[in-house]
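Worksheet for the structure shown next.
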Amino acid sequence: MDPLAKIEDLQITFLRLLLRLGQSQDNLLVAKVLYRMHLATLIRAGESDLKRVNLRNERAKTIAREQEASGLQGLDFSIKILVLGKTGVGKSATINSMFDQPKTETNAFQPATDCIQEITGTVHGVKVTFIDTPGFLPSSSSTMRRNRKVMLSVKRFIRRSPPDVVLYFERLDLLNMGYSDFPLLKLMTEVFGTAIWFNTILVMTHSSSALPEGPNGYPVNYESYVNHCTDIVQQYIHQAVSDSRLENPVLLVENDPRCKRNFLGENILPNGQVWKSQFLLLCICTKVLGDANKLFEFQDSIELGQVSNNQLPSLPHLLSSFLRHRSVSNSAEPEIGIDEILLSEEAEEEYDQLPSIQILTKSQFKKLTKSQKKAYLDELEYRETLYLKKQLKEECLRQKESKLSKEKSFEGNDGDDAENNVAPEAVPLPDMAVPPSFDSDCPVHRYRCLVTNDLLLARPVLDPHGWDHDVGFDGINLETALEVKNNVFASIAGQMSKDKCDFSIQSECAVAYVDPVGPTYSLGLDLQSTGKDLMYNVHSNAKLRSLKHNFTDCGISLTSFRNKYYVGAKLEDTILVGKRVKFVMNTGLMEGSGQLAYGGSFEACFRGRDYPVRNDNLSLTMTALSFRKETVLGGGFESEFRPLRGMRLSINGNINSQKMGQVRVKMSGSDHVEIALVAVFSIFKALLRRKATGNRDLEALEGV
Numbered sequence: 016m017d018p019l020a021k022i023e024d025l026q027i028t029f030l031r032l033l034l035r036l037g038q039s040q041d042n043l044l045v046a047k048v049l050y051r052m053h054l055a056t057l058i059r060a061g062e063s064d065l066k067r068v069n070l071r072n073e074r075a076k077t078i079a080r081e082q083e084a085s086g087l088q089g090l091d092f093s094i095k096i097l098v099l100g101k102t103g104v105g106k107s108a109t110i111n112s113m114f115d116q117p118k119t120e121t122n123a124f125q126p127a128t129d130c131i132q133e134i135t136g137t138v139h140g141v142k143v144t145f146i147d148t149p150g151f152l153p154s155s156s157s158t159m160r161r162n163r164k165v166m167l168s169v170k171r172f173i174r175r176s177p178p179d180v181v182l183y184f185e186r187l188d189l190l191n192m193g194y195s196d197f198p199l200l201k202l203m204t205e206v207f208g209t210a211i212w213f214n215t216i217l218v219m220t221h222s223s224s225a226l227p228e229g230p231n232g233y234p235v236n237y238e239s240y241v242n243h244c245t246d247i248v249q250q251y252i253h254q255a256v257s258d259s260r261l262e263n264p265v266l267l268v269e270n271d272p273r274c275k276r277n278f279l280g281e282n283i284l285p286n287g288q289v290w291k292s293q294f295l296l297l298c299i300c301t302k303v304l305g306d307a308n309k310l311f312e313f314q315d316s317i318e319l320g321q322v323s324n325n326q327l328p329s330l331p332h333l334l335s336s337f338l339r340h341r342s343v344s345n346s347a348e349p350e351i352g353i354d355e356i357l358l359s360e361e362a363e364e365e366y367d368q369l370p371s372i373q374i375l376t377k378s379q380f381k382k383l384t385k386s387q388k389k390a391y392l393d394e395l396e397y398r399e400t401l402y403l404k405k406q407l408k409e410e411c412l413r414q415k416e417s418k419l420s421k422e423k424s425f426e427g428n429d430g431d432d433a434e435n436n437v438a439p440e441a442v443p444l445p446d447m448a449v450p451p452s453f454d455s456d457c458p459v460h461r462y463r464c465l466v467t468n469d470l471l472l473a474r475p476v477l478d479p480h481g482w483d484h485d486v487g488f489d490g491i492n493l494e495t496a497l498e499v500k501n502n503v504f505a506s507i508a509g510q511m512s513k514d515k516c517d518f519s520i521q522s523e524c525a526v527a528y529v530d531p532v533g534p535t536y537s538l539g540l541d542l543q544s545t546g547k548d549l550m551y552n553v554h555s556n557a558k559l560r561s562l563k564h565n566f567t568d569c570g571i572s573l574t575s576f577r578n579k580y581y582v583g584a585k586l587e588d589t590i591l592v593g594k595r596v597k598f599v600m601n602t603g604l605m606e607g608s609g610q611l612a613y614g615g616s617f618e619a620c621f622r623g624r625d626y627p628v629r630n631d632n633l634s635l636t637m638t639a640l641s642f643r644k645e646t647v648l649g650g651g652f653e654s655e656f657r658p659l660r661g662m663r664l665s666i667n668g669n670i671n672s673q674k675m676g677q678v679r680v681k682m683s684g685s686d687h688v689e690i691a692l693v694a695v696f697s698i699f700k701a702l703l704r705r706k707a708t709g710n711r712d713l714e715a716l717e718g719v
């Protein structure tokens with residue numbers, strides 16, 4: 016049976032129990048349980064099964080009514096309850112009250128329970144098993160050892176058969192006199208773990224005792240007094256688990272035989288509540304929610320404690336980033352295969368052999384016919400392409416000659432080449448795109464900087480959401496790349512920002528050894544701040560060139576974050592087919608924190624005719640990722656081309672086996688500004704979709 020079918024059976028059992036107890040589905044506690052089960056089912060089912068989930072909820076209610084009307088007795092449901100609390104708070108007395116008979120010994124003056132024992136009985140047709148435990152002593156330095164010993168014995172006992180519900184007892188009439196049992200709650204959290212508080216109910220005994228007097232001399236209000244006392248205990252529990260999100264349900268109990276009764280003979284509290292039926296209902300609801308969490312495996316994804324300690328890196332995300340990471344080589348060298356493409360073409364000779372052309376003015380261009388305009392623009396574009404290819408080819412030859420001259424200088428000809436090495440002149444970097452501002456003058460000058468012959472390039476980081484008349488510096492960016500030794504290159508890039516409260520840094524450092532005719536080895540260190548912690552990543556790659564058009568890259572990675580370590584390995588192979596086609600295949604795995612994720616991808620890239628001058632390309636990608644016995648298959652495409660002169664169109668999209676994906680279209684141009692009106696249509700469609708989603712969520716809530 017799949018989890019959805021098991022949840023349906025659990026829901027039928029819960030509804031049958033409600034009918035036997037005479038509880039209505041309109042009860043606030045019952046409605047909360049049904050809503051949480053429905054919400055958890057929606058989360059697990061996904062969007063495609065929403066209609067099926069709603070039908071199952073209605074069918075469960077119908078089946079529960081039919082089974083109870085037919086007198087079907089078989090109901091496989093039982094509750095195991097662990098009882099914890101100090102000595103003399105009424106643990107054993109509550110057990111006897113629930114069974115309406117003395118099942119265990121009680122004593123008002125000394126501890127009555129000296130060992131762990133199971134007490135089983137039937138309450139309203141439900142099998143209930145209580146695990147009665149020895150009481151804890153009040154918190155002090157002398158009793159801490161004894162309390163720890165009792166807790167460890169209870170922990171060993173419940174390890175064989177974990178309880179469904181935990182009851183923690185306190186006396187309501189003694190809480191207002193000064194509550195000082197925080198060390199006891201802290202010790203419970205250390206011994207049993209924070210998970211014990213998920214299924215814990217706070218039980219307040221002696222709930223019919225006389226109320227204390229208020230400032231006006233009259234007894235305080237019952238409800239306000241109960242809320243005040245339970246808030247005190249809840250706050251200490253929050254401090255013990257270091258998490259204020261936890262809210263434990265509260266149960267009021269009165270075991271005094273002189274307690275008031277209603278016309279049915281049931282014990283009632285001062286607020287008119289029948290506590291025994293409420294006791295059983297609350298325990299049933301807690302067990303049902305716990306079983307639902309186990310079926311959907313939600314209990315492993317919910318942890319108590321400080322929020323910052325719960326933020327751990329995702330293993331699939333680390334693996335995907337590692338597979339996309341490219342090894343480091345000489346930053347001055349072009350991409351693989353570009354130099355061969357440029358040197359194999361005769362763009363320089365073609366450009367030099369072209370006849371001269373007369374550049375027309377605007378008035379002359381307007382006088383041409385439509386076909387003449389097209390022929391003239393095509394000719395200019397053809398000449399521009401050849402000129403750019405010629406420039407790139409010359410740059411590639413210049414780099415090769417520079418590399419050869421450096422090799423000669425290392426052989427002892429330093430004096431001859433020293434005169435030829437002239438420091439480059441300082442040139443300004445392009446201006447940043449500054450967002451619109453109400454300032455009278457453009458603040459671009461604040462971000463201008465020069466590229467000098469210094470090894471380190473420092474630039475300010477623009478804050479796009481800064482205030483007017485403000486400096487607008489969000490941080491500083493540092494970059495450097497140099498050749499440390501012959502064929503040994505190093506690069507450092509980082510960004511740092513700091514204000515009065517936060518400090519963040521991102522840095523990538525790498526060093527690589529490049530053999531001109533052999534492999535390339537690289538070692539890198541990445542540093543990134545996440546909140547107040549730092550994440551370190553050490554990675555190493557080895558790139559081998561087995562054939563002329565085949566490159567193999569293998570790498571390992573070690574990530575450290577909050578004393579947890581993640582180890583990864585990958586293997587990648589790149590195949591060049593001709594000048595325009597490239598295939599990249601990789602596979603890898605990532606392991607850490609007792610978990611394992613593995614996957615791979617295949618990418619086919621088709622370049623345009625004028626590559627690398629015109630970056631027209633089409634890329635198709637297939638991915639597979641397996642994590643926690645679940646495999647996700649995905650596919651994507653990315654294309655960039657020029658549909659018209661003066662316009663670029665970029666389209667990319669992806670989809671996976673979980674029916675999630677996206678498509679993005681980006682257009683840029685200067686000749687056809689009217690295309691920007693497409694954004695109005697997109698915004699309108701997004702607003703309609705959001706409104707439809709809101710209406711659908713409202714209908715789902717009303718159905719619950």
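For the sequence shown, the numbering used here assigns the number 16 to the initial residue and increments by one for each residue that follows.
Note that the Cβ used here is the ideal one computed from N, Cα and C, for glycine as well.
Cα-Cα separation, residue i to residue j
| i | j | result |
| --- | --- | --- |
| residue 271 | residue 126 | 18 Å |
| residue 662 | residue 372 | 25 Å |
| residue 26 | residue 86 | 18 Å |
| residue 72 | residue 209 | 33 Å |
| residue 539 | residue 207 | 43 Å |
| residue 310 | residue 99 | 27 Å |
| residue 590 | residue 634 | 14 Å |
| residue 344 | residue 335 | Residue confidence for residue 344 is low, a pLDDT of 48 falling below 50, so the modelled location carries little weight and cannot support an answer. |
| residue 507 | residue 496 | 6 Å |
| residue 130 | residue 21 | 37 Å |
| residue 542 | residue 550 | 6 Å |
| residue 214 | residue 184 | 14 Å |
| residue 728 | residue 648 | Residue 728 is absent from the model: the chain starts at 16 and stops at 719. |
| residue 419 | residue 698 | 56 Å |
| residue 500 | residue 536 | 14 Å |
| residue 280 | residue 608 | 56 Å |
| residue 651 | residue 137 | 59 Å |
| residue 704 | residue 629 | 38 Å |
Residue from the options whose Cα sits closest to the Cα of residue i
| i | options | result |
| --- | --- | --- |
| residue 529 | 504, 550, 513 | 504 |
| residue 577 | 413, 49, 546, 212 | 546 |
| residue 781 | 264, 656, 99 | Summary: the structure shown does not reach residue 781, with the chain confined to residues 16 through 719, and so no result is reported for it. |
| residue 152 | 195, 116, 176 | 195 |
| residue 328 | 655, 610, 43, 617 | 610 |
| residue 519 | 240, 651, 548, 594 | 548 |
| residue 767 | 614, 602, 651, 653 | Lying outside 16 to 719, the shown extent of the chain, residue 767 is not represented and no answer is given. |
| residue 683 | 655, 673, 670 | 655 |
| residue 241 | 559, 187, 651, 32 | 187 |
| residue 626 | 408, 339, 289 | 408 |
| residue 489 | 102, 498, 517 | 517 |
| residue 139 | 115, 251, 239, 306 | 115 |
Span of the beta strand (DSSP E) around residue i
| i | result |
| --- | --- |
| residue 529 | 518 to 529 |
| residue 612 | 610 to 622 |
| residue 554 | 548 to 562 |
| residue 328 | Here residue 328 belongs to no beta strand (DSSP E), and DSSP marks it neither H nor E. |
| residue 569 | 565 to 576 |
| residue 679 | 676 to 684 |
| residue 669 | 662 to 671 |
| residue 96 | 93 to 100 |
Per-residue burial, residue i [other beta carbons within 10 Å of its own, 16 or more giving buried]
| i | result |
| --- | --- |
| residue 221 | buried |
| residue 135 | exposed |
| residue 514 | exposed |
| residue 379 | exposed |
| residue 430 | Because the pLDDT at residue 430 is just 45, under 50, the model does not fix this residue reliably, and the value given afterwards should be weighed accordingly. It is exposed - the Cβ of residue 430 has fewer than 16 other Cβ atoms within 10 Å. |
| residue 38 | buried |
| residue 695 | exposed |
| residue 556 | buried |
Boundaries (first-last residue) of the alpha helix (DSSP H) holding residue i
| i | result |
| --- | --- |
| residue 145 | No alpha helix (DSSP H) contains residue 145, which is instead part of the beta strand (DSSP E) from 141 to 147. |
Nearest-angstrom beta carbon gap, residue j and residue i [assumed within contact, 8 Å]
| i | j | result |
| --- | --- | --- |
| residue 581 | residue 333 | 6 Å |
| residue 180 | residue 301 | 5 Å |
| residue 51 | residue 330 | Rounded, the Cβ-Cβ distance is 28 Å, inconsistent with contact. |
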